[in-house]
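K.L.:
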Amino acid sequence: MNENIVIKTSKWTEQDIKTLFGEEDVSFVQADDIPDLLVKLGIFKSKSQARRANRIGDIPTGFTDGFKASKKHRLWIWNPS
């Protein structure tokens, strides 16, 4: 499963969304770090489970192309600074 993600609390514009994702579906998520993001998306049941799978750290700034969240999930993340 592939998903387009925009970090809700970052400074993005509607034009950013149109330019990056076009007409594709986009999920707006408020998350503090990678484990928190993956739990909120339902990919892992808990932050500790995400950390055990080595999904750790801050959400990268800018556009992240094809982040491998799990074996079945790839994410395209927009998190402007």
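All residue numbers for the sequence shown refer to this note's numbering, where the first residue is 61 and numbers rise by one.
C-beta: ideal position from N, C-alpha, C; glycine also.
(1) Using the Cα positions of Lys-131 and Pro-140, report the straight-line distance between them to the nearest angstrom.
(2) Short check: CB of Ile-137 to CB of Arg-115, under 8 Å?
(3) Confirm, please, whether the CB-CB distance from Asn-62 to Phe-81 is below 8 Å.
(4) Tell me, please, which residues DSSP counts as bridged to Thr-124.
(5) Applying the 10 Å Cβ sphere with the 16-neighbour rule, what's the burial state of Phe-104?
P.N.:
The short version:
(1) 26 Å
(2) no
(3) no
(4) Ile-137
(5) buried
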